[in-house]
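Enquirer: Residue numbers (this note's numbering): 5 to 483. Think of the CB as a built atom: it goes at the ideal place given N, C-alpha and C, for glycine as much as any other residue. This is the structure, below, for whatever I ask next.
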């Protein structure tokens, strides 16, 4: 058996699979986010360890943990987990959706070597500008930093005792030479760091260390079983969906929204605000358009409406043309294609006819139009997608997927019920590390149905997207 641990923003999930990929057991533990100031987003790494312990205890009641032969990790990207020389956490982890370092990010991005070497814009949510913010705002703490780890790699430190990262997650730090798949000494020096501050690097399917004996004894596992390099959450989701070769892709409606395209070569285009990162497999890369609020936007509106997100979407019937009301989902800034940490969301065109159902449709459509912006940014780099696999919690809404298929003018494949996300991808990487297998253990999921674009509504969605872009420009200076 193989165990995948996926450290998300809202919870940690553990999934155990058999040799043939069948899910055998799963468990989750919730996590919360602290927002002590506007634009800040933090978690205590001790909470990640507590969540992992809770998940392992639940799994140990479901299966014989001694049968697990490998462990894989996936997790939220970009978080700055800073440790002193004794591996003591110096401050709460600054998360991926934290925008406090926007000024530092802009300064780094103005240095041409960052885009040239990392292949990406230096976004405020990336790791390097957060460390620069620490150096400027918390100099006493930053002076004690001996290691900077990404969130899942702190979990790895607990599991193995080793400081190790892998390529897909490291690509989102602004310290990696993404083409060479190695740390850049020049970029590290530009932020006051050295290679010694970084963890060692491995590929996602390679072993990164063995499970510590004390943990093995506590949870009934075998000491020394390999812990794979793993992957950042989106690359891990791609492994779970069998997306590894050029032309394959998926769209994820999770807390954030992602339009993901696997590529067979390194082809950065930072001017488009598209992310170009290493994939979890050697010699593969991927591109992503990323929006910061997908289901996060729906959850926000559900909180205001006083009902669950499922209750909001249950009221929707067949797909309709977008109405007059528009929603811009920039609750905490935006990445692709805007690269704007300051912009904020808005409802535009509210009138007496805007009831709860119409407002819900506007929220879903706003996320759809933001993802269409990502599609256009990917197209500007020459990347084309023929079909997409749906992923994330929002993919449970056929209305949302139908709107997305129509706006993107692409068929969307909906997997059969089951877990085909990051936890499965992590478990598959654990299997690869333990057995040496590669793509033969990552088949695409069985497809339940295909959602095709509605040709009669294509023009209506295009027109509404044009109005959305105009509103985007109009609110930029107001918010």
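Run through DSSP, which three-state label would residue 34 get?
Expert: Strand at residue 34.
Enquirer: What are the boundary residues of the alpha helix (DSSP H) that includes residue 436?
Expert: It spans 426-439 - the alpha helix (DSSP H) in which residue 436 sits, taken as one unbroken run.
Enquirer: Assess, as a yes-or-no matter, whether the region 238-252 is touched by the region 260-275 under the definition of 3 or more beta carbon pairs within less than 8 angstroms.
Expert: Judged by Cβ distances under 8 angstroms, the region 260-275 makes contact with the region 238-252, as three or more pairs qualify.
Enquirer: How would you label residue 326, buried or exposed, when you count the other beta carbons within 10 angstroms and need 16 or more for buried?
Expert: The residue is buried, with at least 16 neighbouring Cβ atoms inside 10 Å.
Enquirer: Assuming residue 452 contacts residue 420 (C-beta within less than 8 angstroms), just tell me the rounded distance between them.
Expert: Contact holds; Cβ gap of about 4 angstroms.
Enquirer: Which runs of the beta strand (DSSP E) spanning at least 3 residues fall entirely within the region 323-395, listed in chain order?
Expert: Taking only runs of at least 3 residues, the beta strand (DSSP E) segments lying wholly in the region 323-395 are 330-332, 350-352 and 392-395.
Enquirer: How do the region 106-113 and the region 64-79 stand: do at least 3 beta-carbon pairs fall below 8 angstroms, yes or no?
Expert: Counting Cβ pairs under 8 angstroms, fewer than three are found: no touch.
Enquirer: Name the DSSP beta bridge partners of residue 104, please?
Expert: Answer is none; residue 104 lacks a bridge partner.
Enquirer: Of the residues 306, 121 and 76, which one's Cα is nearest the Cα of residue 4?
Expert: It is not possible to answer for residue 4, since the shown part of the chain is limited to 5 through 483.
Enquirer: Is the beta carbon of residue 167 less than 8 angstroms from the beta carbon of residue 133?
Expert: Their beta carbons are not under 8 angstroms apart, which means residue 167 does not touch residue 133 by this criterion.
Enquirer: Quick one: Cα of residue 313 to Cα of residue 359, how far?
Expert: Near 16 angstroms, if we compare the C-alpha coordinates of residue 359 and residue 313.
Enquirer: Compute the distance between the beta-carbons of residue 244 and residue 396, then report whether it is under 8 angstroms.
Expert: In this structure, residue 396 does not lie closer than 8 angstroms to residue 244 by Cβ.
Enquirer: For residue 456, name the three-state secondary structure that DSSP assigns.
Expert: Here residue 456 sits in coil by DSSP.
Enquirer: Pull up the distance between the alpha-carbon of residue 118 and that of residue 46, whole angstroms please.
Expert: Cα to Cα, the separation comes out at about 25 angstroms.
Enquirer: What residues in its chain sit with their C-beta under 6 angstroms from that of residue 411, if we drop five residues either side in the sequence?
Expert: Taken in chain order, the residues that qualify are 372, 376 and 465.
Enquirer: Go ahead and label residue 329 buried or exposed: buried means 16 or more other beta carbons lie within 10 angstroms of its beta carbon, across all protein chains shown.
Expert: Under this definition residue 329 is a buried residue.
Enquirer: Along the chain, where does the alpha helix (DSSP H) containing residue 257 start, and where does it finish?
Expert: Careful: residue 257 lies outside any alpha helix (DSSP H), inside the beta strand (DSSP E) at 253-257.
Enquirer: Looking only at its chain, what residues have a beta carbon closer than 6 angstroms to the beta carbon of residue 81, apart from the 5 residues adjacent to it on each side?
Expert: So the list reads 100, 173, 176 and 236, once near-sequence residues are dropped.
Enquirer: Would you report the Cα separation of residue 484 and residue 199, rounded to the nearest angstrom?
Expert: There is no way to answer for residue 484, as the model of the chain reaches only from 5 to 483.
Enquirer: Taking all protein chains shown into account, decide if residue 476 is buried (16 or more other Cβ within 10 angstroms of its Cβ) or exposed.
Expert: With 16 or more Cβ atoms within 10 Å of its Cβ, residue 476 is classed as buried.
Enquirer: How is residue 198 classed by DSSP in three states: helix, strand or coil?
Expert: It is coil, neither helix nor strand.
Enquirer: Please list, in chain order, all residues of the same chain as residue 393 whose beta carbon is under 6 angstroms from its beta carbon, the five residues on each side excluded.
Expert: The residues are 245, 254 and 417.
Enquirer: Could you tell me which uninterrupted alpha helix (DSSP H) segments, each at least 4 residues in length, are contained entirely in the region 53-104, listed from first to last along the chain?
Expert: You should have found no qualifying run.
Enquirer: With H, G and I counted as helix, E and B as strand and the rest as coil, what does DSSP make of residue 127?
Expert: Of the three classes helix, strand and coil, the one that applies to residue 127 here is coil, per DSSP.
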